[in-house]
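Undergrad: Pasting a structure here, questions to come.
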Amino acid sequence: MYTGFYEEIHEEFREVVREFVAREVTPHYQAWESAHMMDRSLWLAAAENGLLGLAVDEEHGGMGLGDYRFRMILDEELARADALAVSLALHLHDDWVLPALLKFGSAEQQAAWLPRFMDGSFVSSVAFTEPGAGSDLRAVRTKAVKNDDGGWTLDGQKTFIGNGISGDGALVLARTDGSDVRQRGSESSFSLFLVEKRDNPGYQPGRQLEKMGLKASDTAELFFAGVQIPHANLIGEQGRGLDYAKAILPQGRLGIATSAAAITAEVLRQTLSYVAQRQTFGQAVSEYQNTRFQLAELQVGLEATQRYVAATVDAFNAGELDLVTASKAKLFASERAKASVDACLQLHGGYGYILDYPVAQAYLAVRLLTIFGGTSEILKETIAAELG
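Shown next, in the form of structure tokens:
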């Protein structure tokens with residue numbers, strides 16, 4: 001726990017979240033894992049409890065909880081319940097798609113879409129990544145061509161799209177300059193669209209991708225064939241799509257860093273309990289010097305991560321979080337989580353390799369964190385570029 005970081009109002013919010021998780025998530029989570037899909041009932045229940053679109057202001061029917069500490073509590077309570085796929089799905093909705101609408105959507109777009117983000121009737125995906133164009137967004141080939149009536153026709157393919165099957169639409173990055181799609185685009189080659197699946201037969205999810213972990217959160221390919229988009233669904237200005245995508249990256253990467261810290265803390269808590277109870281050669285595993293030394297290192301690493309993340313959240317809340325700072329936090333927290341959970345799994349021995357144990361599920365989950373939202377290698381490039 002972050003000592004002194006949360007205030008009374010945050011702990012009151014935690015009680016709401018904890019009750020929601022116990023009632024609406026825990027009883028169903030294993031069924032969702034088996035089905036590789038969460039029920040829409042989860043989103044509707046989250047909406048009823050005010051847990052979607054926390055940052056939406058009161059003018060649009062939200063609570064205006066822009067303080068990111070509230071968002072962190074969701075991560076912590078879902079990690080405590082070993083419901084890590086739910087955390088991922090909510091992050092995609094609230095930390096990647098919603099910020100684009102809040103930052104760059106017009107008043108008309110916000111009035112039309114924000115209520116749907118909060119009431120569970122519109123579950124969103126972020127559709128930037130393509131086959132052959134992972135973190136290199138200038139290599140995106142999906143294109144949108146303007147029609148005579150001012151609307152757009154969208155054609156292309158996306159991959160690794162969370163909420164891709166269960167979702168109702170996606171924030172799509174597409175090429176809009178009419179250039180040769182075989183070439184990397186320029187800064188002004190791309191635009192962002194909020195594209196709805198409903199009444200769009202050319203919007204087709206492909207096969208569900210079989211992931212290592214986080215299976216309750218569906219991930220798929222998306223195919224667009226002649227999809228008609230009203231001009232009103234263009235986010236911001238034409239040709240500013242890359243700028244907008246970069247502008248929402250800090251919050252997205254902050255969300256991954258906070259998730260990494262939450263998972264690390266919960267897995268270490270579970271491991272401390274396990275090694276105190278597990279007996280080998282007539283003594284608890286926790287009594288071996290090697291175990292105590294490892295636990296000491298893990299605790300120090302966790303506290304360093306928590307303090308780093310807390311400072312980054314403070315910067316976000318002050319409106320001062322930039323891409324490089326967020327990239328540093330994600331790099332540090334996600335790599336620490338990967339190493340820490342691996343060490344905790346080792347301390348569980350053979351049981352750590354059994355998927356019935358939460359540490360095994362966490363091991364599979366944290367492996368995504370050094371890839372999703374920008375690989376560690378891409379983050380290092382971003383950080384190094386600032387160094388000169």
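Taking full-length UniProt numbering, the leading residue of the sequence shown gets 1, the next gets one more, and so forth.
Ideal Cβ placement from N, Cα and C applies to all residues, glycine included.
Do the segment 365-373 and the segment 327-342 touch if we need at least three Cβ pairs shorter than 8 Å?
TA: Yes: the two stretches touch, three or more of their Cβ pairs being nearer than 8 Å.
Undergrad: Among residues of its own chain, excluding the 5 on either side of S188, which ones have a beta-carbon nearer than 7 Å to its beta-carbon?
TA: Correct list, in chain order: D177 and G239.
Undergrad: Specify the secondary structure class of G301 as computed by DSSP and reduced to three states.
TA: In this structure, G301 counts as helix in the three-state DSSP scheme.
Undergrad: I'd like the ranges of any alpha helix (DSSP H) spanning at least 4 consecutive residues and lying wholly in the segment 86-171.
TA: As far as the segment 86-171 is concerned, its whole alpha helix (DSSP H) runs of at least 4 residues are 98-104 and 107-119.
Undergrad: Are the segment 55-74 and the segment 94-106 touching, with three or more C-beta to C-beta distances below 8 Å?
TA: Yes: at least three Cβ pairs fall under 8 Å.
Undergrad: Can you pull the DSSP bridge partners for Q228?
TA: Answer is T153.
Undergrad: Starting from R207 and walking both ways along the beta strand (DSSP E), at which residues does that stretch end?
TA: Note, R207: beta strand (DSSP E), Y203 to Q208.
Undergrad: My assumption, with CB atoms under 8 Å, is that L173 sits in contact with F160. Please give the rounded CB distance.
TA: Incorrect: roughly 13 Å between the Cβ atoms, too far for contact.
Undergrad: Can you have a look at N147 and say buried or exposed, based on whether 16 or more other CB atoms are within 10 angstroms of its CB?
TA: Looking at its Cβ environment, which holds fewer than 16 other Cβ atoms inside 10 Å, N147 is exposed.
Undergrad: Can you tell me whether V56 is helix, strand or coil according to DSSP?
TA: Looking at V56 - three-state DSSP - the assignment turns out to be coil, as it is neither helix nor strand.
Undergrad: Looking only at its chain, what residues have a beta carbon closer than 8 Å to the beta carbon of S334, apart from the 5 residues adjacent to it on each side?
TA: If we look at S334 and ignore the five residues flanking it on each side, its Cβ neighbours are I256, A257, A260, V366, L369, T370 and S376.
Undergrad: Per DSSP, R175 forms a beta bridge with which residues?
TA: In DSSP, R175 forms a bridge with K143 and F190.
Undergrad: Tell me which residues share the same chain as L88 and place their Cβ nearer than 6 Å to its Cβ, disregarding the 5 neighbours each side in the sequence.
TA: L214 and S217.
Undergrad: When the Cβ atoms of the segment 338-348 are set against those of the segment 267-280, are three or more pairs found closer than 8 Å?
TA: Cβ pair count under 8 Å is three or more, so yes.
Undergrad: How many angstroms separate the CA atom of L194 from the CA atom of L171?
TA: L194 and L171: Cα-Cα distance of roughly 5 Å.
Undergrad: Could you tell me whether the segment 225-243 touches the segment 296-308, using the rule of 3 or more Cβ pairs below 8 Å?
TA: No: fewer than three Cβ pairs fall under 8 Å.
Undergrad: Between F224 and G156, how many whole angstroms is the CB-CB distance? I'm expecting something under 8 Å.
TA: Going by Cβ atoms, the distance from F224 to G156 rounds to 5 Å, so yes, they are a contact pair.
Undergrad: What number of angstroms, rounded off, separates the C-alpha of Q208 from the C-alpha of K197?
TA: Looking at the two C-alpha atoms, the distance is approximately 16 Å.
Undergrad: Pairing CB atoms from the segment 67-81 with CB atoms from the segment 127-141, are three or more of them under 8 Å?
TA: These segments do not touch.
Undergrad: Buried or exposed: Y68, going by 16 or more other Cβ atoms within 10 Å of its Cβ?
TA: Buried, because 16 or more other Cβ atoms sit within 10 Å of the Cβ of Y68.
Undergrad: Grouping DSSP H, G and I as helix and E and B as strand, with all else coil, what is I354?
TA: I354: coil per DSSP, three-state reduction.
Undergrad: For Q183, does the count of other Cβ atoms within 10 angstroms reach 16, so buried, or fall short, so exposed?
TA: Burial call: exposed.
Undergrad: Are the CB atoms of A45 and E24 within a distance shorter than 8 Å?
TA: Cβ atoms of E24 and A45: closer than 8 Å.
Undergrad: For I165, which option in L42, K143 and P205 has the closest C-alpha, if you only look at C-alpha atoms?
TA: Of the candidates L42, K143 and P205, the one whose C-alpha sits nearest the C-alpha of I165 is P205.
Undergrad: In terms of alpha-carbon separation, which member of E12, G120 and E76 lies closest to W43?
TA: That would be G120, whose Cα lies nearest to the Cα of W43.
Undergrad: Start and end of the alpha helix (DSSP H) containing F20?
TA: Here the alpha helix (DSSP H) through F20 covers E8 to F20.
Undergrad: Count the other CB atoms, across all protein chains shown, that sit within 10 Å of the CB of Q251; report buried if there are 16 or more and exposed otherwise.
TA: Looking at its Cβ environment, which holds 16 or more other Cβ atoms inside 10 Å, Q251 is buried.
Undergrad: Report the option in V17, L192, Q30 and P115 whose CA atom is closest to the CA atom of V126.
TA: Ranking V17, L192, Q30 and P115 by Cα distance to V126 puts L192 first.
Undergrad: Answer with buried or exposed for E221, where buried requires no fewer than 16 other C-beta atoms within 10 angstroms of its C-beta.
TA: Buried, because 16 or more other Cβ atoms sit within 10 Å of the Cβ of E221.
Undergrad: Indicate the three-state DSSP secondary structure (helix, strand or coil) for L51 in the structure shown.
TA: It is coil, neither helix nor strand.
Undergrad: In chain order, what residues of the same chain have a beta carbon less than 6 Å from the beta carbon of N200, not counting five sequence neighbours either side?
TA: Excluding positions up to five away in sequence, the list reads V227.
Undergrad: Measure how close the beta-carbons of A326 and L254 come, nearest whole angstrom, since I'm counting them as under 8 Å.
TA: Yes, they are in contact, since the Cβ atoms of A326 and L254 sit about 5 Å apart, within 8 Å.
Undergrad: State the Cα-Cα distance for the pair G64 and A262, rounded to the nearest angstrom.
TA: If you take the alpha carbons of G64 and A262, they lie about 23 Å apart.
Undergrad: Would you list the one or two residues that DSSP bridges to F223?
TA: Answer by DSSP bridge pairing, in chain order: Q157 and Q204.
Undergrad: Can you find the residues in the same chain that come closer than 6 Å, C-beta to C-beta, to A144, ignoring five residues on each side of it along the sequence?
TA: Contacts found: W152, L154, A174 and T176.
Undergrad: Do T271 and V359 have their C-beta atoms closer together than 8 Å?
TA: Cβ atoms of T271 and V359: closer than 8 Å.
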